[in-house]
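Data block below; observations after.
2 protein chains.
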Amino acid sequence: MPDTQAQAKEMNEANVSVCPAGEVFPLPTEAEYEKEFVRLQELVKAQREMGREIVVVMGVGFVGAVMAGVVADSTDKKNGEPNKFVIGMQRPSVRSYWKIPYLNRGVAPVEAEDPEVAPLIERCVKEKKTLIATYTYDALTLADVVVVDVQCDYDKESFGDCRNGKADIAALEASLAIIGEKVSPDCMVLIETTVPPGTTEHVAYPIMKKAFEKRGLKDAEPQLAHSFERVMPGRDYVASIRDFWRVCSGVNDTARAKVEAFLSDVLNVDKFPLTVLDRPIESETCKIVENSFRATILAFLDEWSVFAERNGVDLIKVINAIKVRPTHNNLIFPGPGIGGYCLPKDGGLGVWAYHTLMGFEDDIFKITPMAIDINDTRSLRVARLVRDGLRNVGKIVAASRIVVLGASYREDVGDTRYSGSEIVVRKLAEMGGDMVIHDPYVTHWWELEKQDTYPAPGHSRARFFRNQEEVKDLRMHKDLQEALKGADAVVLAVRHQAYMELTPDQVVEMVGGPTVVVDCFGMLDDDKIARYFELGCEVKGLGRGHVKRIKTRVLEK
Amino acid sequence: MPDTQAQAKEMNEANVSVCPAGEVFPLPTEAEYEKEFVRLQELVKAQREMGREIVVVMGVGFVGAVMAGVVADSTDKKNGEPNKFVIGMQRPSVRSYWKIPYLNRGVAPVEAEDPEVAPLIERCVKEKKTLIATYTYDALTLADVVVVDVQCDYDKESFGDCRNGKADIAALEASLAIIGEKVSPDCMVLIETTVPPGTTEHVAYPIMKKAFEKRGLKDAEPQLAHSFERVMPGRDYVASIRDFWRVCSGVNDTARAKVEAFLSDVLNVDKFPLTVLDRPIESETCKIVENSFRATILAFLDEWSVFAERNGVDLIKVINAIKVRPTHNNLIFPGPGIGGYCLPKDGGLGVWAYHTLMGFEDDIFKITPMAIDINDTRSLRVARLVRDGLRNVGKIVAASRIVVLGASYREDVGDTRYSGSEIVVRKLAEMGGDMVIHDPYVTHWWELEKQDTYPAPGHSRARFFRNQEEVKDLRMHKDLQEALKGADAVVLAVRHQAYMELTPDQVVEMVGGPTVVVDCFGMLDDDKIARYFELGCEVKGLGRGHVKRIKTRVLEK
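Rendered as structure tokens:
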């Protein structure tokens, strides 16, 4: 879709927004705003007469759009009738405006592997008529509840140094200022974004309080609440929002009661009970601890992965032997680095909050930032294994055709945010490798193409200098045979089902002869490893120290 | 029992061993050895005629004694008849010899909270007659299987610096040398001790191989195997050996097959399947990774505990909110430091092996040793909380009566090895506190009394200098009322059931007035905290940042 992008760039001044499929949407003009607000007022009036609560969801991105659908789809637990009317609100930017007409047509503005997403949005917009989308902030004046799903990134200034970074709370601050200007004082404002602990009380509260004061609402207390989501990309995406345990809190007793009532209305709290915590900092901390814990579990195995590689240990079998214990069953092999939107950043938000919002100067955080640094740099070892594998067959990385199978951060999804594969590709490109990428779920690898703005620069760009313009031009292969043809090395990077099923014979046939195979994710069992050796291939693997033993056995035969 | 100890010391030259209950056992004389061996030969001859395998368990300490019982209690899965005859073997040292006559009487030589231990030993010795104990190494010549349960400690040279230490493998080396001298070459030698990864192949194998060569057994291959236990002190102690998943491995195909067959005979492998790994280094690594993982999970929360204390967060509630997720349900609040025999040392064995046995110089381990250091020093923060609590009521630690409730490392057991309370007591004693200790499960706190030899010096002794002679003289209180009387501060250190049930009113009444209460383990809920404030007490807690909020509420009333 490079043409469409170029087109969009040209049209930037022409005020249009282009959706991924290429359709062009002109941005709204000044005159349209007034008309749009009249439309909303009429709709809301009718909805209020039906006894429905008006919920504005700010930000209809990856999480917001589906949360809007879940709220719009919920029904009164007594009579089974819808009791919420949802307005998805999105700033009409060139990048995102198209999502509004999309939603209003009943089309989900997000790509999702979950088959429930599209019918959910369509049902709410077209049948139940409980969901619309708009671009005007005036929608906020009509809200009983505002759900804030505005992104909050963490920008690392250098690669592998999480402490050296900052939370990007500008968009959140701007949103809260507008909310403070617009909402009725008793409107409950629910922040769902993962934020630095303390943000609701130390950032959002003062912004809204001042906005209220400007409006002459001297005694009005902002009814702020916080409840993070635990969204998981993949086939159970909607369920991960609706049918999963939630934690919430409010800045005061009223806000706490309001958020508890609201979430009890829209989520499956009978099966997944709600935890109500006293203060927002407690639920904010909860999310950060939760994801830092996960990042730590993964980072912990990196050093044991090196130990295993160097001392004849198959870490995959060791992990499986440990996981039988119920107390240890969340031990997970970290693969070629830890990606996804949350784990690489959330701990950083905690460290940042402690210093910046709470004003402490000392360095209490040891494991949390270290775990992120370990996870961010783990992928570099894949490049080393490729180098060593090629060396064993008399080649070097430079000018070798290196095929990376898998670009996403997780098996069987197309989400490429902060994926380990990105670092593998960048590093091997820097060493002069002729890179080829295949992923059945990924059409565009935005992080490579749009490297000027996304992801946070510190994640990778700042670290790699050589040949990074070439990385920008890499295209995704959809045809596996075409991708593998003539490969000097094949990197098994993601546990996509299609890759798990590949046999050594198929790979060697598609390549056209023996190759170097690097297993980043315990994807090869001992039989497959032995077969690769029988076929004359070289095999390396993260955490797979026993591979040499298998090679010896095969060669001795 | 100070008299008995003094008595034993005096009798050292008299060659006697005194059991904890005070009974005196003369050590065997030279002449008795020969007679003992004749007894064993006759017993073994009869047992062999019954088709039974002869199993010698070396070391009848905490683990070995119960493992011996489990093997002796096992039966042929076909006919239900015992098919093993077990000889518990223990060096006749002054410290440990008494265990042999104890066992031969059918009395378990270990104190255990598990009601199954005593009848297990009694049944095997007296009824089934499948278990005896001896002091002569010649028993090894009769063995089909030798199970090695000899201790392997890790000595830290300084407090809170796990990298600076060494594995104490001397006893293991000595045992293996004797085994090599004595056993028949096809005897399977099963190391169950938690050892530095690589020990079976890099240490045990060469020792036994050389011993065999000395005996002229040039081509004999030592049949070495490794399988660590996953023992858990407490009420399910026997089950944690017999009814739990095991991992095993052997140095060659024969040894691997033998250990698999042996463990399948004696353990409940139908319900808890056995994992057979290729090489001993894999099962050795398994144990170290497993316990390092646990230590890491605990250490991870230390920094968040500080964060919580300083920012109004109740970490206990945060943990409970996270634990509802099945993928996060092993998150555990670390209490006042992490004790027990394993977690403070096992990671150290891994780091040591990498440098010492494998000969690598680089520093690949980041999280594993750091986790141990964090856990070892966490207890120091309890002393700070006591200090701050006393300061709030105008007192200092020096000359204050400080009552520590709980000496063991874990709730409802009497095991005090490396307990966090030890550091709490030593640190507060150093600051001049008048220390009082109570624990319903502990009669002798050996780590305080025998501080010259046990535990490893680096754990604590080297760190604390002032008033440590007084610590040595501290006696355990058994009467809670007597202990609490006049307390300036009460440290709730262990989640023993009796302490969990204590009400604030009871504590204040036993103390005789308001006091400072320090909750190390999330033992107080919000109602109890509020009640303590109502009664005029001061409350502090590890990870309990919300306590101040409760105080404000109570004072505002």
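First to last, the sequence lines map onto chains A and B. 138 is the number that our numbering gives to position 138 of the first sequence; each next residue is one higher, with no gaps. The number in our numbering is simply the position in the second sequence, starting from 1, with 557 added. Backbone N, C-alpha and C fix where the C-beta goes; we use that ideal spot for every residue, glycine too. The structure presented is a predicted model; accordingly, all values stated were derived computationally and were not measured.
(message) Any beta carbon from chain B within less than 8 Å of Thr136/A's own beta carbon?
(response) no
(request) State yes or no: is the C-beta of Met992/B within less than 8 Å of the C-beta of Val954/B? (result) no
(request) With Leu747/B as the anchor, note down where its beta strand (DSSP E) starts and where it stops. (result) Met745 to Ile748
(request) From the DSSP output, in three-state form, read off Gln90/A for me. (result) coil
(message) Buried or exposed for Gly64/A, going by 16 or more other Cβ atoms inside 10 Å?
(response) buried
(request) Scan the region 560-625 of chain B and note each continuous beta strand (DSSP E) run of 3 residues or more that stays entirely inside, going in chain order. (result) 573-575, 581-583 and 610-615
(request) Could you give the DSSP three-state label for Pro82/A: helix, strand or coil? (result) strand
(message) With a threshold of 8 Å on Cβ separation, who are the neighbours of Val999/B within its own chain once the five nearest residues in sequence on each side are excluded?
(response) Ala964, Ser965, Gly971, Thr973 and Met1033
(message) Once the 5 residues before and after Ile322/A are set aside, which same chain residues still bring their CB inside 7 Å of it?
(response) His328 and Leu331
(message) Strictly under 8 Å for the Cβ-Cβ distance: is Tyr1011/B near chain A by that measure?
(response) Any answer about Tyr1011/B is weak, because its pLDDT of 47 lies below 50 and its placement is not dependable; what the coordinates show is given next. For Tyr1011/B, the answer is no, since every Cβ of chain A falls outside 8 Å of its Cβ.
(message) Let me confirm a value: Lys557/A is counted as buried when at least 16 other C-beta atoms fall within 10 Å, else exposed. Which label applies?
(response) exposed
(request) Can you tell me the Cβ-Cβ gap for Leu1049/B and Val1073/B, rounded? I've got them flagged as a contact below 8 Å. (result) Not quite, the Cβ-Cβ distance comes to about 11 Å (not below 8 Å), so this is no contact.
(request) Starting from the C-beta of Leu484/A, find all residues in its chain whose C-beta is less than 7 Å away, skip the five residues before and the five after it, and write them out in chain order. (result) Val403, Val490, Val507, Met510 and Val511
(request) Determine which residues of the region 264-282 of chain A have a Cβ less than 7 Å from any Cβ of chain B, and write them out in chain order. (result) Thr275, Leu277, Asp278, Arg279, Ile281 and Glu282
(request) To the nearest angstrom, report how far apart Gln151/A and Leu172/A are at their CA atoms. (result) 7 Å
(request) Run down chain A in chain order and give the residues with a C-beta less than 7 Å from the C-beta of Cys843/B. (result) Val318, Ala321 and Ile322
(request) Apply the 10 Å Cβ neighbour rule to Gly198/A and answer buried if 16 or more other Cβ atoms are within range, or exposed otherwise. (result) buried
(request) Please report how far the alpha carbon of Pro115/A lies from the alpha carbon of Arg105/A, in whole angstroms. (result) 18 Å
(request) Given a cut-off of 8 Å, decide if Gly522/A and Val333/A are closer than it, judged by their beta-carbon atoms. (result) At residue 333/A the sequence reads Phe, which differs from the Val that was named. In contact: Phe333/A and Gly522/A (Cβ atoms closer than 8 Å).
(request) Note down, one range per segment and in chain order, each alpha helix (DSSP H) of at least 4 residues found wholly within the region 781-853 of chain B. (result) 794-799 and 810-823
(request) Rank Thr586/B, Val704/B and Arg652/B by C-alpha distance to the C-alpha of Glu610/B and give the top, closest one. (result) Val704/B
(message) In whole angstroms, give me the CA-to-CA distance for Glu839/B and Ala696/B.
(response) 30 Å
(message) Taking 8 Å as the threshold (beta carbon to beta carbon), is His546/A in contact with chain B?
(response) yes
(request) Indicate the three-state DSSP secondary structure (helix, strand or coil) for Tyr762/B in the structure shown. (result) helix
(request) Flag Asp314/A as yes if its beta-carbon sits less than 8 Å from any beta-carbon of chain B, otherwise no. (result) yes
(message) Using only the alpha-carbon positions, how far apart do Gly250/A and Leu43/A sit?
(response) 30 Å
(request) Measure the CB-CB distance between Gly59/A and Asp161/A and report whether it falls below 8 Å. (result) no
(request) Using a threshold of 8 Å, state whether the C-beta atoms of Met67/A and Val57/A are closer than that. (result) yes
(request) Using the Cα positions of Asp933/B and Pro893/B, report the straight-line distance between them to the nearest angstrom. (result) 9 Å
(request) Would you mind listing the alpha helix (DSSP H) stretches within the region 84-167 of chain A that are 4+ residues and don't spill past its ends, in chain order? (result) 99-104 and 117-122
(message) Counting C-beta neighbours from all protein chains within 10 Å, is the total for Leu555/A 16 or more, i.e. buried, or is it exposed?
(response) exposed
(message) Please report whether the beta-carbon of Pro92/A lies at a distance below 8 Å from any beta-carbon of chain B.
(response) no
(request) Could you give the DSSP three-state label for Asp903/B: helix, strand or coil? (result) helix
(message) At 4 residues or longer, what runs of the alpha helix (DSSP H) sit wholly inside the region 413-479 of chain A?
(response) 420-430, 446-449 and 468-472
(message) Output needed in chain order: residues of the region 357-380 of chain A with a Cβ under 8 Å from some Cβ in chain B.
(response) Met358, Phe360, Ile364, Phe365, Lys366, Ile367, Thr368, Met370, Ala371 and Ile374
(request) Can you grab the Cα-Cα spacing for the pair Ala72/A / Cys187/A, in whole Å? (result) 18 Å
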